[in-house]
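**Q**
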Amino acid sequence: MSQMSLFDDLTAAAPDLNPYADGLHRRQLGRGAWLDLRPGWVIRPDLLMEQLSERVPWYGERRQMYDRVIDVPRLLSFHGPQDRWPHPMLERMRSELSAHYRPELGEDFVSAGLCLYRNGRDSVAWHGDRIGRSAGEDTMVVIVSLGGVRRLALRPRGGGRGLQVPMSSGDVVVMGGSCQRTWDHCVPKMHEATRSRISVQYRVADVR
Ligand SMILES: O=C(O)CCC(=O)C(=O)O
Ligand SMILES: [Fe+2]
């Protein structure tokens, strides 16, 4: 094997990123909320998914629900600005997203929240990311989706017509403007068999 083809083989084995602005599309939701959709940002997303499944320190969470304690139906891992992040691609995505959105957002994304949906029974219930500044201010929450296809469902708070956005491996969805205050979102359970999925969410300081 020549040097060149050996080099090609090595680089071919790594996840990578397409230019973010290519194929980026904004959709206005109303009430000051919008979604940015960037399909196919990550190159070799399933490889990144596999590497993250192994390297991320996943933990389960239990929550009080009325008089019972129940398992949260997904695994989690949270990485703030002071932490060592478990994969260099997580930091590279953070800095490319920050560079793209900084002029509009006025600050950088600083945290990566990861969720692992092991199968179609794992899910996240209706909520807005309203812990911290996002309770009263516009912000952006970025979702990078890896692995099995799932849907992000959104509905206006207080009623009205909702929508569903399919998220495939390597796709990015950004919830922007007033979205966390004026809309709720969820990842519904699926009845069909589905591959596991990892969601990486980037947020600014003091937003959860
Ligand atoms: O799985 C996703 O992409 C969304 C997760 C989510 O909404 C959250 O963790 O706040
Ligand atoms: Fe959320």
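Once you know that position 125 of the sequence shown is 125 in full-length UniProt numbering, the rest is easy, because the numbers rise by one and skip nothing. Positions of the beta carbon are idealized from the N, C-alpha and C atoms, including for glycine.
Report yes if the CB atom of residue 204 is closer than 8 Å to the CB atom of residue 38, and no otherwise.
**A** As a first step, residue 204 must be located in the sequence shown, where it is residue number 204. As a first step, residue 38 must be located in the sequence shown, where it is residue number 38. No, the pair does not count as a contact, with Cβ atoms beyond the cut-off.
**Q** Residue 225: which of 196, 25, 31 sits nearest, CA to CA?
**A** The structure shown does not extend to residue 225, since the chain is modelled only from 1 through 208, so no value can be given for it.
**Q** Determine the DSSP secondary structure at residue 180, reduced to helix, strand or coil.
**A** For the purposes of this step, residue 180 is identified with residue 180 of the sequence shown, where counting begins at 1. It is helical.
**Q** Could you spell out the range, first to last residue, of the alpha helix (DSSP H) harbouring residue 45?
**A** Here residue 45 corresponds to residue number 45 of the sequence shown, with the count starting at 1. 45-55 is the span of the alpha helix (DSSP H), which, as asked, contains residue 45.
**Q** Where residue 107 and residue 140 are concerned, what is the direct C-alpha to C-alpha distance, given to the nearest angstrom?
**A** Position 107 of the sequence shown, counting from 1, holds the residue named residue 107. Position 140 of the sequence shown, counting from 1, holds the residue named residue 140. One C-alpha to the other measures close to 10 Å.
**Q** If you measure from the CB of residue 129, is any heavy atom of ligand 2 nearer than 7 Å?
**A** Counted from its first residue, the sequence shown places residue 129 at position 129. Short note on residue 129: C-beta closer than 7 Å to some heavy atom of ligand 2.
**Q** Under 6 Å Cβ to Cβ from residue 138, same chain only, skipping five residues before and after it: list those, please.
**A** In the sequence shown, residue 138 corresponds to position 138, counting from 1. Cβ within range, chain order: 177, 178.
**Q** Hey, would you say residue 148 sits closer than 8 Å to residue 45, going by beta carbons?
**A** As a first step, residue 148 is located in the sequence shown; it is residue number 148 there, counting from the start. As a first step, residue 45 is located in the sequence shown; it is residue number 45 there, counting from the start. No, Cβ-Cβ distance for residue 148 and residue 45 is not below 8 Å.
**Q** Spell out a yes or no on whether the region 77-95 and the region 179-199 are touching, meaning 3 or more CB-CB pairs, one atom from each, closer than 8 Å.
**A** no
**Q** What would DSSP say about residue 194, mapped onto helix, strand or coil?
**A** Locating residue 194 in the sequence shown gives position 194, where the first residue counts as 1. Looking at residue 194 - three-state DSSP - the assignment turns out to be coil, as it is neither helix nor strand.
**Q** Take the Cβ of residue 193 as the centre, count every other Cβ of all protein chains shown within 10 Å, and call the residue buried at 16 or more, exposed below.
**A** Against the sequence shown, residue 193 aligns to sequence position 193. With fewer than 16 other Cβ atoms within 10 Å, it is exposed.
**Q** Taking Cβ to Cβ, would you say residue 151 is nearer than 8 Å to residue 164?
**A** On the sequence shown, position 151 is the one that residue 151 refers to. On the sequence shown, position 164 is the one that residue 164 refers to. Yes; because the gap between Cβ atoms is below 8 Å, this pair is in contact.
**Q** Does any heavy atom of ligand 3 sit closer than 7 Å to the C-beta of residue 182?
**A** Ligands present in the displayed structure are limited to ligand 1 and ligand 2, and ligand 3 is not among them.
**Q** Exposed or buried, what is residue 122 when buried is set at 16 or more other beta-carbons lying within 10 Å of its beta-carbon?
**A** Position 122 of the sequence shown, counting from 1, holds the residue named residue 122. The residue is buried, with at least 16 neighbouring Cβ atoms inside 10 Å.
**Q** Looking only at its own chain, which residues have a Cβ that is under 6 Å from the Cβ of residue 200, when we skip the five neighbours before and after it?
**A** Start at 1 with the first residue of the sequence shown, and residue 200 comes out as number 200. Within the same chain, residue 200 has close Cβ partners 112, 114, 144.
**Q** Verify the contact flag: residue 185, CB atom, against every heavy atom of ligand 1, threshold strictly below 7 Å.
**A** Sequence index remark: in the sequence shown, residue 185 carries index 185 (1-based). Answer for residue 185: yes, Cβ within range of ligand 1.
**Q** Going by DSSP, what residue range makes up the beta strand (DSSP E) through residue 79?
**A** As a first step, residue 79 must be located in the sequence shown, where it is residue number 79. 75-79 is the span of the beta strand (DSSP E), which, as asked, contains residue 79.
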